[in-house]
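Numbers in my numbering are just positions in the sequence shown, counted from 1, shifted up by 141.
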Amino acid sequence: MTTDTNSPKKRTIGIIGIVAGFLALASAFLSPWIQDAIDPPAKPIEEAAVDFAARLAEAAKAKLKGEEYVPATDAEPLPSRFLVPGIIGLGMLAAGLGILSLIKSEPRMVGSGAIALGVSAAVVQWSIMIAGVIIFLLIVFAVMSFLGG
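Structure representation (C-alpha cells):
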C-alpha cells in the first residue's frame, strides 16, 4: 500500500466557487448597466403626462358619479427586479462553495478565494443600494431645506 504524496489535491468545489464568486462580483459592479439593458425603455415624459391626465379625469368622473375609483393596474413588473437578489444569492452560493471546499480539505487558497469573492459581491451590491438611499435622502433634505421645511 503506497500513498502518493505528490498527487494534486482536488479543487473542483473551490474552483466552481471562485467562478461563481467572480461572476457575482462582476455582476455586482455592472448591475446598473445590466438593469438598463434588460428593462424595457421608459415611457417618454409626454406619454406619461397624458396617462396621468387620463387617470385624473377617470378619478374625477368616478367622484362626480359617487362611485369609488379603482385604478387600472397596467404596470408590468420590470425584469430587473430579480437582479439584486440574484447577485447576492450567487455571491452567497460562492461563499458556501468556498466553505464546503475548506470542509472537504481542498487547498485553503482556493476555498478562501471563493469565500472572499462571494462575500465581496454581496457587500458591493448592498453598498450600491445603501449609496442610492443616501443620495435620495440628501436630495429630499435639500428640497425640504429649499422649500423652508
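We treat Cβ as the ideally placed atom computed from N, Cα and C, and that holds for glycine. Just so you know, these numbers come straight off a predicted model, no measurement behind them.
Looking only at its own chain, which residues have a Cβ that is under 6 Å from the Cβ of residue i, when we skip the five neighbours before and after it?
i	result
L288	none
G254	I159
Measuring only the C-alpha atoms, how far is residue i from residue j?
i	j	result
L279	M285	10 Å
L238	L164	14 Å
P182	A161	30 Å
L251	I269	The question names Leu, yet the displayed sequence has Val at residue 251. When rounded, the distance between both Cα atoms is 27 Å.
V264	A203	48 Å
F282	I275	10 Å
I228	A272	17 Å
Beta-carbon within less than 7 Å of residue i's beta-carbon, same chain only, minus the 5 sequence neighbours each way: which residues are those?
i	result
K151	E247
S221	Q176, I179, D180
Grab me the residues of residue i's own chain with a C-beta within less than 8 Å of its C-beta, minus the 5 sequence neighbours each way, in chain order.
i	result
A190	none
E209	A203
For the alpha helix (DSSP H) containing residue i, name the first residue and the last one.
i	result
V191	186-206
V211	From DSSP, V211 is part of no alpha helix (DSSP H); its letter is neither H nor E.
G158	153-179
Scan the region 219-275 and note each continuous alpha helix (DSSP H) run of 4 residues or more that stays entirely inside, going in chain order.
224-244
Three-pair Cβ contact test at 8 Å for the region 247-264 versus the region 194-204:
Touching, no, given that fewer than three Cβ pairs across the two stretches are closer than 8 Å.
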